[in-house]
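The sequence shown begins at 1 in UniProt numbering and counts up one residue at a time. Cβ atoms here follow ideal geometry from the backbone N, Cα and C, with glycine treated the same way. Fair warning: this is a prediction, and the values are worked out from it, not measured in the lab. In what follows, a single structure is set out as structure tokens and then discussed.
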Amino acid sequence: MNNNYLLDLRKVVITGGPSTGKTSVIENLEKNGFPVVHELIRSMTSLEKNEDDANEFAVNPILSVKDPKKFNQSLLDGRIKQYVDAENITENIVFFDRGIPDVHAYMNCFGQTYSEEFEKPCHTYRYHQILLMPPWKEIHVVDNERFESFEEAQQVYEHLKATYEQVGYPITLVPKGSIEERTSFILELLNLK
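As structure tokens, then:
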């Protein structure tokens, strides 16, 4: 097991299903001077979408891409690279918009199988804290890169929670509220205020 999580750099994942306000809070943390690692999947699905018939993208991209296994492997590799690259951050904390186990949670949610080898990075690359944002119907939207219905978003949430717990993480729920309220909750929780 990689013991990077024992070093001074605290790696904090902010995760949740689609339309939970996660990205807005991440952007606010960045605006307030904290280093963040942005989500990969939007750029990946955008690229994949440009290569395919847009009409085929009616559901979660994991189900819609030409080669879901290749897509998920690329996503996993990208998240591992983000984790490793974060080691160069000179601050004592970094926020990740989704973590490595998110790949597995989405695959679990949409019924895709994977080998034990594919799951190993969840145990090798460890984070200090997992912050999970609950589904929030009032702010849920579907757009060009966000495909899930609200019901699917609830399922994603349940699978994220179960997957992170399965690989040994305690989870902290971030309560609903304004971007500032949620940012404040996170900073107080992590003793950064």
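Nonlocal neighbours in the same chain, by C-beta distance under 6 Å from residue i, ignoring five residues either side
{"i": "glycine 177", "result": "none"}
{"i": "aspartate 53", "result": "Residue placement at aspartate 53 is flagged as unreliable, the pLDDT there being 48, under the threshold of 50; a coordinate-derived value is accordingly withheld."}
{"i": "histidine 159", "result": "Ala105, Asn108, Cys109"}
{"i": "tyrosine 83", "result": "Tyr125"}
{"i": "residue 197", "result": "Nothing about residue 197 can be reported from this structure: the residues present for the chain run from 1 to 193 only."}
Opening and closing residue of the beta strand (DSSP E) in which residue i lies
{"i": "lysine 161", "result": "Taken as a continuous stretch (DSSP letters only), lysine 161 belongs to no beta strand (DSSP E), being part of the alpha helix (DSSP H) at 150-166."}
{"i": "valine 174", "result": "Note, valine 174: premise wrong, no beta strand (DSSP E); not H, not E."}
Contact under 8 Å by Cβ, residue i with residue j
{"i": "arginine 79", "j": "leucine 40", "result": "yes"}
{"i": "valine 94", "j": "valine 37", "result": "yes"}
{"i": "leucine 9", "j": "isoleucine 130", "result": "no"}
{"i": "valine 25", "j": "proline 101", "result": "no"}
{"i": "leucine 190", "j": "valine 12", "result": "yes"}
{"i": "lysine 22", "j": "aspartate 97", "result": "yes"}
Identity of the residues DSSP links to residue i by a beta bridge
{"i": "residue 196", "result": "The question about residue 196 has no answer here: the residues shown for the chain are numbered 1 through 193."}
{"i": "lysine 11", "result": "Val94"}
{"i": "isoleucine 186", "result": "According to DSSP, isoleucine 186 bridges with nothing at all."}
{"i": "valine 36", "result": "Phe95"}
{"i": "leucine 75", "result": "In the DSSP output, where bridge partners are listed per residue, leucine 75 has none listed."}
{"i": "glutamine 129", "result": "Val12"}
Cβ-based neighbour list, residue i, same chain, cut-off 7 Å, excluding 5 preceding and 5 following
{"i": "threonine 20", "result": "Met133, Pro134, Pro135, Trp136"}
{"i": "valine 103", "result": "Asn72, Leu75, Leu76, Arg79"}
Residue nearest to residue i in terms of C-alpha spacing, selected from the options
{"i": "histidine 123", "options": "Phe150, Gly111, Tyr169", "result": "Tyr169"}
{"i": "serine 115", "options": "Phe34, Val156, Ile186, Lys69", "result": "Lys69"}
{"i": "alanine 86", "options": "Asp77, Pro35, Leu75", "result": "Pro35"}
{"i": "lysine 161", "options": "Thr172, Asp77, Ser149", "result": "Thr172"}
{"i": "threonine 163", "options": "Glu119, Thr183, Leu190, Glu151", "result": "Glu119"}
{"i": "leucine 76", "options": "Asp67, Gly99, Glu91, Lys66", "result": "Gly99"}
{"i": "glycine 16", "options": "Ser184, Phe150, Gly33", "result": "Phe150"}
{"i": "glutamate 27", "options": "Ile179, Pro18, Gln73, Thr113", "result": "Ile179"}
{"i": "proline 18", "options": "Val156, Glu165, Phe185", "result": "Val156"}
Residue span of the alpha helix (DSSP H) that contains residue i, given as start and end
{"i": "isoleucine 26", "result": "22-31"}
{"i": "lysine 120", "result": "116-124"}
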